[in-house]
Every structure is written in C-alpha cells, then in structure tokens.
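Beneath this line is the structure, given in structure tokens, with notes to follow.
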Amino acid sequence: MPETPLTVTTAPGAYASAMTAVTMGAADIGNGNSFVATNNDLILAWNDSATPYTVTITSQPDGKGRLGTITTQAIAADVHLILGPMKTPGWADSGGLINVSANNASVKFGIINL
Numbered sequence: 005m006p007e008t009p010l011t012v013t014t015a016p017g018a019y020a021s022a023m024t025a026v027t028m029g030a031a032d033i034g035n036g037n038s039f040v041a042t043n044n045d046l047i048l049a050w051n052d053s054a055t056p057y058t059v060t061i062t063s064q065p066d067g068k069g070r071l072g073t074i075t076t077q078a079i080a081a082d083v084h085l086i087l088g089p090m091k092t093p094g095w096a097d098s099g100g101l102i103n104v105s106a107n108n109a110s111v112k113f114g115i116i117n118l
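Numbers given in this note's numbering equal positions in the sequence shown, counted from 1, plus 4.
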C-alpha cells in the first residue's frame, strides 16, 4: 500500500499578523507516511507518549549516488524533534515525495513549508 499522506502547513511568513497551527498526523506503522516536497520543508516529529520510540526519514540517492537516511532516530517521551529545511535532491523520491516513518502511532508528524 502507498504511504499515508501528511498535510503540509505553510508558514505564515516574516510579516504575518497571526500564528498558524501546524497540522500533526499520526505515524502509519504499516505503510509509513509521505508528503509532497517543496524543496524548503521542515519535518517536526512529536512523541506524545510516555514511552520512547524511533523515527526514520528515508533519503534518496543524490547526484553522486549517496544516501543519508536517518534510521531509527530515538525520540524520547514527550519530545519534539525537528529536521530541515529538507531539499528535494537526496530526499524526494521520483514522485516528489519525502518518506517518513515511526515505530508507533504515538509519534505525530508535522510538515512546515517555509
């Protein structure tokens, strides 16, 4: 099955008159999650559980064939992790998606387009 899509939240910009809520989506344990890359995205991962879990961000070969997958990054209980801005080369697959996963649905992902 394809990955479960995550909603991308657009940052309000430098001169916004109000803050914007980030849409968080639960990790899909069986299929993983993905989002449409814009070449300037932040990945926010939040573990809302009392138990530590792990997060994986899957890379794609860059122009020189190198990979940089972040595999089973520990995320402690009630902790937020942030990564990015994510650039498309090396992260987006051939369909323009960046793939993320976690080992428990207590991990929530938020994607912020800058």
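Even glycine gets a Cβ: it sits at the ideal position worked out from N, Cα and C.
Just so you know, these numbers come straight off a predicted model, no measurement behind them.
If we count the other Cβ atoms within 10 Å of its Cβ and call it buried at 16 or more, is residue i buried or exposed?
i, result
"Leu118", "exposed"
"Val83", "exposed"
"Ile79", "buried"
Do you know offhand how far residue i's Cα is from residue j's?
i, j, result
"Thr11", "Ala18", "22 Å"
"Phe113", "Thr8", "11 Å"
"Ile86", "Ser98", "24 Å"
"Ala15", "Ser21", "12 Å"
"Ala41", "Val26", "16 Å"
"Leu71", "Gln77", "16 Å"
"Gly29", "Asp66", "28 Å"
"Asn35", "Ala81", "23 Å"
"Thr24", "Ile115", "12 Å"
"Ser53", "Asn108", "9 Å"
"Val4", "Ser38", "Since the first residue of the chain shown is 5 and the last is 118, residue 4 is not available in this structure."
"Gly69", "Thr75", "18 Å"
"Trp95", "Thr73", "8 Å"
Beta carbon of residue i: closer than 7 Å to some heavy atom of the ligand NAP?
i, result
"Ala18", "As for the ligand NAP, it is missing from this structure, which has no ligand bound."
Are there three or more Cβ pairs, one per stretch, closer than 8 Å when the segment 90–108 is compared with the segment 29–46?
With the cut-off at 8 Å, the segment 90–108 and the segment 29–46 touch.
Check whether the segment 47–62 touches the segment 100–117, taking contact to mean three or more Cβ pairs, one atom from each stretch, closer than 8 Å.
yes
Curious, which full-length beta strand (DSSP E) runs of at least 3 residues does the segment 56–94 contain?
57–62, 74–79, 84–90
Taking the runs of the beta strand (DSSP E) that are 3 residues or longer, which of them lie wholly in the segment 25–57?
Those beta strand (DSSP E) runs which fall completely within the segment 25–57 and span 3+ residues are 28–30, 37–40, 45–51.
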